[in-house]
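Heads up: the protein sequence lines correspond to chains Z and L, in order. First residue of the first sequence? That's 4 in our numbering, and the numbers climb one at a time after it. First residue of the second sequence? That's 4 in our numbering, and the numbers climb one at a time after it. By construction, the Cβ of each residue, glycine as well, lies at the ideal position given by its N, Cα and C atoms. Owing to the predicted nature of the structure, the values given are computational and were not obtained by experimental measurement. Notes for the one structure printed next.
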Amino acid sequence: MYMQGKYPIIAKKAIAKGMYDFTVLCPEVVKEAQAGQFVQIAAEGFFLRRPISICDIDKDKGTLRLVFEVRGKGTDKISELNIGSNIDMIAPLGKGFKFLEGKKAICIGGGIGTPPMLGIAKLYGKNAKAISGFRNAGIAILQEDFKAAGCETILCTDDGSAGMKGFVTDALKAEIAKEKPDIIYACGPMVMLKGVASIAQENGIECQVSLEQRMACGVGACLVCVCRTVKDGKEIFSHVCKDGPVFDSEEVAFDG
Amino acid sequence: MADLRVSVAGVEFKNPVIPASGCFGYGREYEQFYPLSKLGGISVKGTTRYERMGNPGPRVAETPSGMLNSVGLQNGGVEKFLSYELPNLKTKGTRIIANIAGSSVEESGELAAMLNGSGVDMIELNISCPNVRQGGAAFGTDCVIAGQVTKAVRDATDIPLMVKLSPNVTSITDIAKSVEANGADAVSLINTLLGMRIDIKTRRPILKNNVGGLSGPAVFPVAVRMVWQVANAVKIPVVGMGGIASAEDAVEMMMAGASAIQVGAAIFSDPFTPVKIVDGLEKWCDENGVECLSDIIGTVQPW
Numbered sequence: 004m005y006m007q008g009k010y011p012i013i014a015k016k017a018i019a020k021g022m023y024d025f026t027v028l029c030p031e032v033v034k035e036a037q038a039g040q041f042v043q044i045a046a047e048g049f050f051l052r053r054p055i056s057i058c059d060i061d062k063d064k065g066t067l068r069l070v071f072e073v074r075g076k077g078t079d080k081i082s083e084l085n086i087g088s089n090i091d092m093i094a095p096l097g098k099g100f101k102f103l104e105g106k107k108a109i110c111i112g113g114g115i116g117t118p119p120m121l122g123i124a125k126l127y128g129k130n131a132k133a134i135s136g137f138r139n140a141g142i143a144i145l146q147e148d149f150k151a152a153g154c155e156t157i158l159c160t161d162d163g164s165a166g167m168k169g170f171v172t173d174a175l176k177a178e179i180a181k182e183k184p185d186i187i188y189a190c191g192p193m194v195m196l197k198g199v200a201s202i203a204q205e206n207g208i209e210c211q212v213s214l215e216q217r218m219a220c221g222v223g224a225c226l227v228c229v230c231r232t233v234k235d236g237k238e239i240f241s242h243v244c245k246d247g248p249v250f251d252s253e254e255v256a257f258d259g
Numbered sequence: 004m005a006d007l008r009v010s011v012a013g014v015e016f017k018n019p020v021i022p023a024s025g026c027f028g029y030g031r032e033y034e035q036f037y038p039l040s041k042l043g044g045i046s047v048k049g050t051t052r053y054e055r056m057g058n059p060g061p062r063v064a065e066t067p068s069g070m071l072n073s074v075g076l077q078n079g080g081v082e083k084f085l086s087y088e089l090p091n092l093k094t095k096g097t098r099i100i101a102n103i104a105g106s107s108v109e110e111s112g113e114l115a116a117m118l119n120g121s122g123v124d125m126i127e128l129n130i131s132c133p134n135v136r137q138g139g140a141a142f143g144t145d146c147v148i149a150g151q152v153t154k155a156v157r158d159a160t161d162i163p164l165m166v167k168l169s170p171n172v173t174s175i176t177d178i179a180k181s182v183e184a185n186g187a188d189a190v191s192l193i194n195t196l197l198g199m200r201i202d203i204k205t206r207r208p209i210l211k212n213n214v215g216g217l218s219g220p221a222v223f224p225v226a227v228r229m230v231w232q233v234a235n236a237v238k239i240p241v242v243g244m245g246g247i248a249s250a251e252d253a254v255e256m257m258m259a260g261a262s263a264i265q266v267g268a269a270i271f272s273d274p275f276t277p278v279k280i281v282d283g284l285e286k287w288c289d290e291n292g293v294e295c296l297s298d299i300i301g302t303v304q305p306w
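Shown next as structure tokens:
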């Protein structure tokens, strides 16, 4: 069920250069929201809403946590909102991650693809390992949150300024060699998702990826946010907002 | 309470507000926000003879007060519309406008014939999609072909026929007169204006299709001007669209000569835009002593 409303921001933090962490009080949205879903936020003075992934859901407090990066003028405008002001949101949108009760998961986030991993990792708690990759230590966000959720964290940076130097795909291979998870979740750049999906496939592990695309309506009506997927052996255009953003990695045509 | 009813080509609408084709799917998504019965009608997603994949992404680029799109008529084809979408839509208590787009003159007629007896209230013949190679704007930018396509559809069906016009022409009134002469019962305008955005970092167009159709409030004054010109050039009713985002915009468009209005891209900013316009029109009529909204159609007094 889609909802639109103006909801108060009850906490705001700048967590890294150009990265913001909002907590929004929206009990009716929270009631239906699932890890992996997203919201569409209005940016004052801009025509289209900005899709932002749900980072965390607090069912008790009725709050959503939204962690986003300023990518352009629209997200910059959203970042100017302060505690006490209202955020105009359509939510909850899209299909979230599948949760396998009692199983083991590896959650992989690349850069600003990391926030949606927190919500799903939390459901697994100590049964999840969170592999996060960033360009450098300065933008290595959410590591304490994964730890607080009970997850083992593996941090990778491109320059080695924090955690291990290297890519999340290297860390994933090493972790699989130690212990094979039941499912892998990933969000980040397409090239990273492609690498993760192929490792998952080689090892016969189920894998879900969260995609992004330029969007307009956010609800599945306008059909602009296409991604290439495979259905019954045939390549088709699916829509990130309604068919996704979470897809089984086997459905996605990464080379499309 | 004012009477918001309007009539277009013999079809009565409970109010003049119709979500525009391509901006509202088949209503399934927006029904989660409000009952579709609040709307005068729905112009469904452009429907073709066979399923179409549409264009590769990105298909959207934001612009000042608007957006470009290059969807390229992605849809499940007319058979899926008839078997899956239409039976659902018929239960919603609103007028159904079947927007159709053929890839040839013959196919346009064939499409229209397939709608005979289906119960759709009106056909909106799309001869103006800027994002497809066959048909689309190639039909809508040539008076002779526009007339031929209109005639092929007219000969194939008795369903009230509205033809959706492209603004990407030298003289939209000439196209309007041609489709009128070939049997159109109404015209709707404007479809999107062809535009382009470039990412200056990559020196690549934002749209994978390079170019796309501009819509949103940015195009509103162009739409008002064209509706006014066409309404003064033809005898058949005009349905106005292009950048309408408020009840005041709708009033303006009707004063320019529109018998009803369609709302498109504004729905993406605010899904409630169409129902806010319906409520706003009622309020505007009450505040301005207008008993019948249809009385304002074409009442602009030009200098």
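**Request:** Compare the C-alpha of residue 187 of chain L against each of L/207, L/158, L/172, L/194 and name the closest.
**Result:** L/158
**Request:** Could you name the residues of the stretch 208-231 of chain Z whose beta carbon sits closer than 9 Å to any beta carbon of chain L, in the order they occur along the chain?
**Result:** 216, 217, 218, 219, 220, 221, 222, 223, 224, 225, 226, 227, 228, 229, 230, 231
**Request:** Entirely within the stretch 22-86 of chain L and at least 3 residues each: give me those beta strand (DSSP E) ranges in chain order.
**Result:** Fully enclosed beta strand (DSSP E) runs of no fewer than 3 residues occupy 44-46, 63-66, 69-72 of the stretch 22-86 of chain L, in order along the chain.
**Asked** Given that a residue counts as buried once 16 or more other Cβ atoms are within 10 Å of its Cβ, and exposed if not, what is residue 90 of chain L?
**Response** exposed
**Message:** Please tell me whether residue 7 of chain Z has its Cβ less than 8 Å away from any Cβ of chain L.
**Reply:** yes
**Prompt:** Where DSSP assigns a beta bridge to residue 231 of chain Z, which residues make up the other side?
**Reply:** Z/240
**Item:** Cutoff 8 Å: residue 4 of chain Z Cβ touching any chain L Cβ
**Value:** yes
**Message:** Can you tell me whether residue 100 of chain L is helix, strand or coil according to DSSP?
**Reply:** Residue 100 of chain L: strand per DSSP, three-state reduction.
**Item:** residue 91 of chain L, DSSP secondary structure in three states
**Value:** helix
**Asked** Along the stretch 38-54 of chain Z, what residues have a CB closer than 8 Å to any CB found in chain L?
**Response** 45, 49, 50, 51, 52
**Contact the stretch 46-55 of chain L vs the stretch 11-27 of chain L: 3+ CB pairs below 8 Å** = yes
**Asked** Can a CB atom of chain L be found closer than 8 Å to the CB of residue 239 of chain Z?
**Response** yes
**Message:** Taking a contact to mean a Cβ-Cβ separation below 8 Å, would you say residue 130 of chain L touches residue 120 of chain L in this structure?
**Reply:** no
**Prompt:** With C-beta atoms as the reference, is residue 280 of chain L less than 8 Å away from residue 249 of chain L?
**Reply:** yes
**Asked** Does the separation of the CB atoms of residue 123 of chain L and residue 162 of chain L fall below 8 Å?
**Response** yes
**Request:** Rounded to whole angstroms, what's the CA-CA distance from residue 148 of chain Z to residue 118 of chain Z? Just pull it up for me.
**Result:** 10 Å
**Message:** Let me make sure I understand the geometry here. Which of Z/127, Z/196, Z/217, Z/223 has the alpha-carbon closest to that of residue 277 of chain Z?
**Reply:** Only positions 4 to 259 of chain Z appear in this structure, which leaves residue 277 of chain Z out of reach.
**Prompt:** What are the boundary residues of the alpha helix (DSSP H) that includes residue 110 of chain Z?
**Reply:** From DSSP, residue 110 of chain Z is part of no alpha helix (DSSP H) but of the beta strand (DSSP E) over 108-113.
**Asked** Roughly how many whole angstroms lie between the Cα atoms of residue 143 of chain Z and residue 235 of chain Z?
**Response** 40 Å
**Request:** Report yes or no: do three or more beta-carbon pairs, one from the stretch 194-209 of chain Z and one from the stretch 36-55 of chain Z, lie closer than 8 Å?
**Result:** no
**Item:** Buried or exposed by the 16-neighbour rule on C-beta atoms within 10 Å, applied to residue 29 of chain L
**Value:** buried
**Item:** Residues that residue 93 of chain Z contacts on chain L, provided the C-beta gap is smaller than 8 Å
**Value:** 274
**Message:** Does chain Z have any CB closer than 8 Å to the CB of residue 36 of chain L?
**Reply:** Output row for residue 36 of chain L: interface = yes.
**Message:** Counting only Cβ pairs nearer than 7 Å, list the residues of chain Z close to residue 62 of chain L.
**Reply:** 227, 229
**Prompt:** Does the beta-carbon of residue 4 of chain L have 16 or more other beta-carbons within 10 angstroms, so that it is buried, or is it exposed?
**Reply:** exposed
**Touch test, the stretch 4-19 of chain L against the stretch 215-226 of chain Z, Cβ-Cβ under 8 Å, three pairs minimum** = no
**Message:** Is it the case that the stretch 99-116 of chain L contacts the stretch 223-237 of chain L, given that we only count it when at least three CB pairs across the two stretches are under 8 Å?
**Reply:** no
**Request:** Run through the stretch 69-131 of chain Z for me and flag every whole alpha helix (DSSP H) of 4 or more residues, listed as ranges in chain order.
**Result:** Note on the stretch 69-131 of chain Z: whole alpha helix (DSSP H) runs with a minimum of 4 residues are 76-82, 118-127, in chain order.
**Request:** For residue 93 of chain Z, count neighbouring C-beta atoms within 10 Å of its own C-beta (all shown protein chains included) and say buried if the count is 16 or more, exposed if not.
**Result:** buried
**Asked** Does the separation of the CB atoms of residue 152 of chain Z and residue 158 of chain Z fall below 8 Å?
**Response** no
**Prompt:** Looking only at its own chain, which residues have a Cβ that is under 7 Å from the Cβ of residue 41 of chain L, when we skip the five neighbours before and after it?
**Reply:** 278, 281
**Message:** I need the straight-line Cα distance from residue 1 of chain L to residue 215 of chain L, nearest angstrom please.
**Reply:** This structure does not reach residue 1 of chain L, given that chain L is present from 4 up to 306, and the question cannot be answered.
**Item:** Contacts that residue 27 of chain L makes with chain Z (C-beta to C-beta distance below 8 Å)
**Value:** 224
**Asked** Within 8 Å (strictly less), CB to CB, does residue 33 of chain L reach chain Z?
**Response** yes
**Request:** Please compile the residues from chain Z whose C-beta is within a distance smaller than 8 Å of the C-beta of residue 72 of chain L.
**Result:** 219, 225, 227
**Prompt:** Using a Cβ-Cβ cut-off of 8 Å (strictly less than) and excluding sequence neighbours within five positions of residue 160 of chain L, which residues of its own chain qualify?
**Reply:** 115, 116, 118, 119, 126
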